Amino acid sequence: MSGDLSPIDKAKFVAARRAADMVEDGMRVGLGTGSTSAWLVRCLGEMVREEGLRMTGVPTSARTAQLALEVGLEVVTLEQARWLDLTIDGADEFDPDLNLIKGGGGALLQEKIVAAASDRMVVIADVAKEVARLGAFPLPIEVIPFGWPATQMLVEETLISMDVMGRTSTLRMNGPLPYVTDEGNHILDLHLTRIGHPRQLALVLNQIPGVVENGLFIDICDTVVIGYGDGRVEVRDINEGTVETDRIDFVETENLFGDLGD
Ligand code: 5RP
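Quick look at the structure:
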């Protein structure tokens with residue numbers, strides 16, 4: 000069945016499979032959101048069922064919580080766990096300093112809180128997510144619904160003085176209605192094309208009334224596991240300055256490849 004997967008899906012799977020091996024017995028683990036994180040959750044479910052791994056998961060979205068429960072993981076809230084050993088999550092872009100754009104799946108607020116409450120954050124990504132400079136992927140920011148058009152105007156006005164190439168923004172939609180996050184907020188996607196100073200932009204955006212959080216993850220990610228469609232994986236650690244390569248077999252199991260949805 001893995002033969003049915005696209006090269007991108009294979010790349011996502013092998014990154015997730017490699018990162019799942021970083022989870023040790025007894026760990027409290029933040030579980031990301033998105034298609035790559037869904038592979039991770041399935042891999043962890045299999046390790047719990049087949050290998051007796053004991054771990055507790057803190058999901059970063061209702062979607063991830065549902066999948067985690069379906070595959071048999073023990074799930075608690077961040078309030079219950081308080082602090083985490085490790086968070087593993089996907090990303091929309093990562094740069095050479097392992098700064099990230101996240102929020103393509105609309106879960107950036109919970110994802111950032113969970114990652115920041117972890118001893119270590121590991122990003123799992125297919126190789127297409129690697130960029131020299133952040134910004135081609137539209138930067139999501141989570142905004143309070145109250146007065147969101149005014150917040151959008153302030154954001155666009157603020158972008159004039161920022162080192163970015165594009166300055167338009169769009170309200171993310173879910174069919175005919177604005178998209179609503181798990182925290183009841185909306186998302187503005189900023190079409191910046193190129194972000195010159197991500198750290199400065201992240202700080203400035205969060206000063207604007209109505210902005211809850213932005214999708215720039217600066218100095219949060221420690222390690223990236225990059226997956227390739229042919230089964231290769233590369234593990235880069237920014238603190239250790241190490242790069243390891245590995246290869247993952249596509250072990251076909253009904254459980255992992257039977258349900259290919261997010
Ligand atoms: C969700 C995210 C995801 O991690 C990001 O969008 C990557 O998704 P995928 O693994 O499906 O490519 O930030 O808010």
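For the sequence shown, numbering that gives the first Met the number 0 assigns the number 0 to the initial residue and increments by one for each residue that follows. We treat Cβ as the ideally placed atom computed from N, Cα and C, and that holds for glycine. None of these values were measured; they are calculated from a predicted model.
Sheet register partners of Thr-167 (DSSP bridge): His-190
In the structure shown, what three-state DSSP assignment does Asp-278 receive? Residue 278 lies beyond the range of the chain shown here (0 to 261); nothing can be said about it.
Give the DSSP bridge partners of Ile-100, in chain order. Glu-92 and Leu-215
What does a CB cutoff of less than 7 Å around Gly-61 pick up in its chain, not counting 5 residues either side in sequence? Here the sequence assigns Ala to residue 61, which means Gly is not the residue at that position. These residues qualify, in order along the chain: Asp-181.
According to DSSP, which residues form a beta bridge with Ala-124? Ile-225
So which of Asp-96, Thr-32 and Lys-101 has the shortest CA-CA distance to Ala-67? Thr-32
Candidates Ile-247, Arg-16 and Asn-98: which alpha carbon is nearest Asp-218's? Asn-98
Please classify Arg-17 as buried or exposed, where buried requires at least 16 other C-beta atoms within 10 Å of its C-beta. buried
Which residue marks the beginning of the beta strand (DSSP E) containing Val-232, and which one marks its end? Following the DSSP letters along the chain, one finds Val-232 inside the beta strand (DSSP E) bounded by residues 231-236.
In terms of residues, what are the limits of the beta strand (DSSP E) holding Gly-56? 54-58
What do you reckon, is the C-beta of Leu-255 under 7 Å from a heavy atom of ligand 1? No, the beta carbon of Leu-255 sits no closer than 7 Å to any heavy atom of ligand 1.
Three-state class that DSSP yields for Thr-150 in the structure shown: helix
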